[in-house]
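Asker: Right, I'll just put the structure down here and ask away after.
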Amino acid sequence: MNIEFSYLYRDASNYKSWGRVVFAEGASDQISIDLADAQLRASFMYDTFSAHQLSLPELFTNLQGYPGPDDHCLHEFDSIVLTDEAPTDLLARTFSQFLEQVRTTANDGWEGFDPYSPSRSDRMFRFLF
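Mapping the sequence shown onto this note's numbering, position 116 (from 1) lands on 111, and the numbers just tick up by one.
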């Protein structure tokens, strides 16, 4: 069984865009779903995270190619479930590799960005959590 990670983007007007990534279950992924869920929630900021730091697709709702007045940088964790679907992670990570990346990123600090800043390097900041 593989593990499906579901998440969403919710803008300030509460418009939502959903996404999911299926991770392969590696030999070291012998962890219960409940324990993995608890570890993810402990690493995220009130269930939110920066998708770009975890190499996950960003799910912004504005499709015009520029930020709207309700845009921000945080995505929300929804759930993880076991699935027999094929892995879809673009980096071909196992779930344990992804979970380790979440823990490492949480320890280093979650980054945010100002979507209105002209360059991504100028708009980056760290959340103080």
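Where a beta carbon is used, it is the ideal one built from N, C-alpha and C, also for glycine.
#1: Helix, strand or coil: which one does DSSP assign to GLU(-1)?
#2: Can you tell me which of VAL97, ASN(-3), ASP65, ILE26 puts its alpha carbon nearest to the alpha carbon of LYS11?
#3: Determine the DSSP secondary structure at LEU54, reduced to helix, strand or coil.
#4: Is TYR2 buried or exposed, if buried means 16 or more other CB atoms sit within 10 Å of its CB?
#5: Whose C-beta lies closer than 6 Å to the C-beta of THR127 among residues of the same chain, with five residues either side of it excluded?
#6: Quick check on THR89: does DSSP put it in helix, strand or coil?
#7: Buried or exposed: where does ALA81 fall if 16 or more other Cβ atoms within 10 Å of its Cβ makes it buried?
Answerer: If we stick to the structure as given:
#1: strand
#2: Here the closest residue by C-alpha is ASP65.
#3: coil
#4: buried
#5: Here the chain covers residues -4 to 124 and nothing more, so residue 127 does not appear.
#6: strand
#7: exposed
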